[in-house]
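Worksheet: one structure, shown below.
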Amino acid sequence: MADLPQHVDIHEEGPREGFQIEPGPIPTTDKIALIEALAETGLRHIQICSFVNPRLVPGWADAETVAGGFTPKPGIHYAALWFNENGLNRALAFRDRLSITGSISLAASDAFSRKNLNRGHAENLEAMRKQTQVHLAAGAPVTRLGVMAAFGCNYQGDITPEQVVRTVADGLAIAAEAGVAITDLSLADTMGWATPIRIERGIGAVRERWPHLRIGLHLHDTRGLAVANAHAGLRLGVTKFDSTVGGLGGCPFAGQKGAAGNICTEELVLLCEEMGISTGIDLDALIEVGRMAERIVGHQLPSELIRAGSLDAFRRKAA
319 MADLPQHVDI
329 HEEGPREGFQ
339 IEPGPIPTTD
349 KIALIEALAE
359 TGLRHIQICS
369 FVNPRLVPGW
379 ADAETVAGGF
389 TPKPGIHYAA
399 LWFNENGLNR
409 ALAFRDRLSI
419 TGSISLAASD
429 AFSRKNLNRG
439 HAENLEAMRK
449 QTQVHLAAGA
459 PVTRLGVMAA
469 FGCNYQGDIT
479 PEQVVRTVAD
489 GLAIAAEAGV
499 AITDLSLADT
509 MGWATPIRIE
519 RGIGAVRERW
529 PHLRIGLHLH
539 DTRGLAVANA
549 HAGLRLGVTK
559 FDSTVGGLGG
569 CPFAGQKGAA
579 GNICTEELVL
589 LCEEMGISTG
599 IDLDALIEVG
609 RMAERIVGHQ
619 LPSELIRAGS
629 LDAFRRKAA
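Sequential numbering of the sequence shown, starting at 319, is according to this note's numbering.
And the structure:
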């Protein structure tokens, strides 16, 4: 049964996702310019950088310079990514301008956990227990649980809804031990294995166990199904999506060089608006930022709207 939301929250991850995988180097000034341009489109959530090991992710060796260099716009949540206490401490230096919140991050695939985090599921559970305590000690709330490789894995193959349910249960157990309440669950199609039926089955299995959780989707367009998967999510009432302007990015540990990145923010906005679901985003302005991103990285990005433009642009011409 369709359960379309009236409004969705779109979390823009283009700067962080995109610049972690581009061969670069991308000038710091260009990164800042993109962040500030995105803030003028109506987006309310922008993930700006990664506080990670620059040896592993050299594209974010300038994370501190970017975090301290952009001009925050009131009403926008600026976020960053980190995987350990060192990364958190680096982010805390900018808590006057970044939203510092913690999450419990797991993978439904043990093989991907080892590739991405250099630790298996059991080791990662222990790491998340410690990380949750570190976040709470730092005054950072922990209300989100993320499950990577929730629909399939290049290293392990098919991931069943039952595997996802077990992973979610493990994460909720960590939260319970720490005395925190998880309100948001993000299911990530990290390597582009999702199809609409997998989305339906995965969300259905989780909702059957935990109907109170707000489910979000982090979709990759590796096999061209991201918009179809978003449509399936919308029909199930999903109200939060991660995306990247122009389709920037991709996971550097997914084992598929050259694969398309995340669902394009502008294509997701077009889908929502044409379905009567508000986003609060100026699509034409966002498309221009997508073109800007393409100029910055110096190669064609996956977004079709960068070339085609919005339907509203043609409606205005036809009027």
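All C-beta atoms, glycine included, are put in the ideal place defined by N, C-alpha and C.
For residue j and residue i, the rounded distance between their alpha carbons
i, j, result
"Met466", "Gly542", "19 angstroms"
"Lys448", "Gly420", "12 angstroms"
"Pro376", "Ala546", "33 angstroms"
"Leu503", "Gly564", "25 angstroms"
"Pro620", "Leu356", "18 angstroms"
"Asp348", "Ile614", "7 angstroms"
"Asp428", "Asp380", "31 angstroms"
"Arg415", "Glu354", "13 angstroms"
"Thr513", "His329", "21 angstroms"
"Ala491", "Glu518", "25 angstroms"
"Arg413", "Gly598", "26 angstroms"
Limits of the beta strand (DSSP E) - the one that residue i falls within
i, result
"Gly464", "Val460 to Met466"
"Cys367", "His363 to Ser368"
"Lys558", "Lys558 to Ser561"
"Ala626", "Segment Leu623 to Ala626 is the alpha helix (DSSP H) holding Ala626; no beta strand (DSSP E) there."
"His453", "Per DSSP, His453 belongs to no beta strand (DSSP E); it is in the alpha helix (DSSP H), His439 to Ala455."
"Arg532", "Arg532 to His536"
"His395", "His395 to Leu399"
"Leu503", "Asp502 to Ala506"
Contact set for residue i: own chain, Cβ-Cβ below 7 angstroms, skip 5 residues either direction
i, result
"Ala468", "Ala426, Ile477, Val482, Leu505, Ala506, Asp507 and Gly520"
"Pro343", "none"
"Ala458", "Ile418, Thr419 and Gly420"
"Met593", "Leu322 and Leu552"
Host alpha helix (DSSP H) of residue i (start-end)
i, result
"Ile350", "Thr346 to Leu356"
"Ser431", "Asp428 to Leu435"
"Arg334", "Gly332 to Ile339"
"Ala409", "Glu403 to Leu410"
"Cys590", "Thr583 to Glu592"
"Pro514", "Pro514 to Arg527"
"Thr383", "Ala381 to Gly387"
Inter-residue CB distance, residue i and residue j (contact presumed, cutoff 8 angstroms)
i, j, result
"Thr540", "Val498", "Between Val498 and Thr540 the Cβ distance is about 33 angstroms, and since that is not below 8 angstroms, they are no contact."
"Ala398", "Ile366", "6 angstroms"
"Glu585", "Glu622", "7 angstroms"
"Ile418", "Leu463", "Wrong, their Cβ atoms sit about 17 angstroms apart, outside the cutoff."
"Ile533", "Val556", "6 angstroms"
"Ala352", "Ala611", "According to the sequence provided, residue 352 is Leu. The question's Ala does not apply to it. Leu352 to Ala611, Cβ: 6 angstroms. Contact."
"Pro479", "Ala548", "Between Ala548 and Pro479 the Cβ distance is about 19 angstroms, and since that is not below 8 angstroms, they are no contact."
Where residue i sits in the DSSP three-state scheme
i, result
"Gly573", "Low confidence applies to Gly573: its pLDDT is 46, below 50, so where it sits in the model is not reliable enough to give any reading."
"His325", "strand"
"Asp539", "coil"
"Asp602", "helix"
"Ile422", "strand"
"Gly616", "coil"
"Gly475", "strand"
"Lys635", "helix"
"Asn547", "helix"
Residues of its chain near residue i, where Cβ-Cβ distance is below 8 angstroms and the 5 sequence neighbours each way are ignored
i, result
"Phe527", "It should be noted that the sequence gives Arg, not Phe, for residue 527. Cβ within range, chain order: Val483, Val486 and Ala487."
"Gly573", "For Gly573, the pLDDT reaches just 46, beneath the cut-off of 50, and the residue's location in the model is therefore unreliable, leaving the point undetermined."
"His395", "Arg362, His363, Ile364 and Ser417"
"Thr346", "Asp380, Thr383, Val384 and Gly387"
Proximity test, residue i beta-carbon vs the ligand ADP heavy atom, cut-off 7 angstroms
i, result
"Phe337", "Here there are no bound small molecules, and the ligand ADP is not part of this structure."
Contacting residues, own chain, Cβ-Cβ under 6 angstroms from residue i (five flanking each side not counted)
i, result
"Gly608", "Val563, Gly564, Glu584, Ser621 and Ile624"
"Glu331", "Gln365, Asp560 and Thr562"
"Glu403", "Val452"
Interface flag, residue i vs chain D, CB-CB below 8 angstroms
i, result
"Asp539", "Here chain D cannot be found, since the structure has a single protein chain."
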